[in-house]
Amino acid sequence: LIDMYAKNGSLEAAYLVFSQVSEPDLKCWNSMLGGYSHHGMVEEALQVFEEILKQGLIPDQVTFLSLLSACSHSRLVEQGKFLWNYMNSIGLIPGLKHYSCMVTLFSRAALLEEAEEIINKSPYIEDNLELWRTLLSACVINKNFKVGIHAAEEVLRLKAEDGPTLVLLSNLYAVARRWDKVAEIRRNVRGLMLEKDPGLSWIEAKNDIHVLSSG
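Numbering of the sequence shown is given in my numbering, commencing with residue 31 and proceeding in unit increments.
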């Protein structure tokens with residue numbers, strides 16, 4: 031019930047149910063914490079975390095995932111670092127989603143070297159594509175050519191024909207005014223589109239079905 035109300039945005043109702051539990055366990059606390067985190071209420075989420083510790087409960091990976099996600103959305107870098115270190119200090123092994131939160135947090139705060147460093151420390155080598163893409167996107171926004179090129183190389187090393195990465199790389203070269211590289215990459219992207227079946231969308235208008243594709 032707590033989880034249902036929290037995810038639906040009815041946080042007052044979620045708390046009302048929560049307050050009726052005489053001895054809430056960690057799952058109950060995590061449900062409230064996740065609700066606050068999901069709706070961007072980072073101060074409330076951190077207060078719940080303090081209460082979890084006061085109750086003598088040991089936070090788990092779900093607890094920290096909600097907390098790191100809240101910090102990421104609010105760009106609370108120092109708080110995110112503290113939670114990351116605290117998580118490691120109590121012996122919890124960060125999962126791929128925890129790494130993703132930290133990379134997103136550093137990227138949004140334009141701390142691109144720190145984001146790169148934490149990706150390099152991640153043990154999920156084969157699953158790091160999305161982490162490198164997140165960093166590459168931030169490099170385009172912040173015009174960091176060096177880190178961006180490295181991020182793109184890491185993705186393309188694992189997936190040579192990754193369309194979204196090629197588009198981001200093209201944008202990065204455009205920021206650096208490397209128009210020759212922009213043209214080369216866009217030719218490659220067009221070639222990939224010709225080789226693969228395009229993604230299609232359908233729309234019904236006046237009792238007739240119309241099929242749409244990009245380009």
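Ideal Cβ positions, reconstructed from N, Cα and C, are used throughout, including at glycine.
Assuming residue i is part of the alpha helix (DSSP H), what are its boundary residues?
i: H180; result: 175-188
i: V72; result: 72-84
i: P194; result: 193-205
i: N266; result: Absent from the model: residue 266. The displayed extent of the chain is 31 to 245, so no value can be given.
i: R138; result: 126-138
In terms of alpha-carbon separation, which member of the options lies closest to residue i?
i: L95; options: N158, N201, W232, M117; result: M117
i: H128; options: L161, N38, S243, L106; result: L161
i: Y66; options: I123, M34, V219; result: M34
i: G125; options: S152, R163, A100; result: S152
i: N60; options: G86, I32, G70; result: I32
i: V92; options: E74, C58, N158, G70; result: C58
i: G193; options: V170, I179, R208, R220; result: R220
i: M71; options: E53, Q50, K37, L87; result: K37
i: L113; options: T134, L142, F79; result: F79
i: T195; options: C169, K111, G39; result: C169
i: S119; options: M132, A140, I88; result: I88
i: N68; options: N150, L97, S244, I155; result: Residue identity check: residue 68 is His in the sequence provided, not Asn. Ranking N150, L97, S244, I155 by Cα distance to H68 puts L97 first.
i: V175; options: E143, L135, S49, V133; result: In the sequence as presented, Val is not what sits at residue 175; that position holds Phe. Looking at the Cα atoms, E143 is the closest of the given residues.
i: S167; options: G178, G121, K189; result: G178
i: R207; options: N237, K236, V185, K173; result: K173
i: S200; options: A140, A235, V212, I171; result: V212
i: L135; options: E156, R105, I215, L198; result: R105
i: E147; options: V133, V51, S49, A182; result: V133
i: N218; options: G86, D238, L186, C131; result: L186
i: L188; options: V205, R216, E214, D157; result: D157
i: G86; options: G110, G64, H103, E53; result: E53
With respect to the beta strand (DSSP E) encompassing residue i, which residues constitute its N-terminal and C-terminal limits?
i: E234; result: 230-235
From the DSSP output, read off the bridge partner residues of residue i.
i: I239; result: E234
Kindly indicate which three-state DSSP category residue i falls into: helix, strand or coil?
i: Y66; result: helix
i: V219; result: helix
i: L166; result: helix
i: P89; result: coil
i: Y154; result: coil
i: S244; result: coil
i: I123; result: coil
i: C98; result: Sequence inspection shows Leu at residue 98; the Cys mentioned does not correspond to that position. Helix, per DSSP.
i: L141; result: coil
i: L159; result: helix
(message) For a minimum of 4 consecutive residues, which ranges assigned as the alpha helix (DSSP H) are wholly contained in the segment 38-67?
(response) 41-49
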